[in-house]
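In this note's numbering, the protein residues as written are 1 to 127.
Structure first, then comments.
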């Protein structure tokens, strides 16, 4: 089995900000958006460096702040793609795919009819 692909809990929290905001963000904006975490700008820059190295974000432009420029970062791995990558890295293979999909559908659709939920997803995939 290959080494699991994992983000640290703080990196996941940072990625959640990207996924929720769904727009390019600078470290200055991330500092504002993450006030409840108590992260300083230096820590955010370290996390950005780390998740960039892991292929989760990329530099997608610059924004001027007063007389300086800040890099804008865009996520390049969606929340769903991250979940799939994480599942594959912990050994979910073709043999376990049906069971994994079933469990995921049960968790996401909750009280809904599981088959109807899967059919709805399949219709989306056919578009």
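Ideal Cβ placement from N, Cα and C applies to all residues, glycine included.
Is DSSP giving residue 5 helix, strand or coil here?
-> It is coil, neither helix nor strand.
DSSP beta-bridge partners for residue 69?
-> For residue 69, which the question treats as bridged, DSSP gives the partners 64.
Between the CA atoms of residue 124 and residue 37 - distance to the nearest angstrom | As the crow flies, the alpha-carbon of residue 37 is around 36 Å from that of residue 124.
Assign residue 1 to buried or exposed, taking buried as 16 or more other Cβ atoms, counted over all protein chains shown, within 10 Å of its Cβ.
-> Bear in mind that a pLDDT of 44 at residue 1, under 50, signals an unreliable position, so the number given afterwards is only what the model happens to contain. By the 10 Å Cβ count, residue 1 comes out exposed.
May I have the straight-line CA-CA distance separating residue 8 from residue 65, to the nearest angstrom?
-> Distance between the alpha carbons of residue 8 and residue 65: 30 Å.
Distance between residue 39 and residue 15 (C-alpha atoms, nearest Å) | Cα to Cα, the separation comes out at about 14 Å.
How is residue 90 classed by DSSP in three states: helix, strand or coil?
-> Residue state for residue 90 is assigned as coil, using DSSP reduced to three classes.
Under the assumption that residue 27 contacts residue 70 (Cβ atoms under 8 Å), give the Cβ distance between them as a whole number of angstroms.
-> So it is a contact: roughly 6 Å between Cβ atoms.
Determine the direct distance from the alpha carbon of residue 61 to that of residue 53, and round the result to whole angstroms.
-> Using only the alpha carbons, I get a separation of about 17 Å.
Which first and last residues belong to the alpha helix (DSSP H) in which residue 22 is found?
-> In the DSSP assignment, residue 22 falls outside any alpha helix (DSSP H), carrying neither H nor E.
Just grab the DSSP bridge partners of residue 59 for me.
-> The bridge partners DSSP lists for residue 59 are 73.
Can you tell me where the alpha helix (DSSP H) with residue 35 in it begins and where it stops?
-> Here residue 35 belongs to no alpha helix (DSSP H), and DSSP marks it neither H nor E.
Can you give the Cα-Cα distance for residue 79 and residue 12, rounded to whole angstroms?
-> For residue 79 and residue 12, the distance between alpha carbons rounds to 10 Å.
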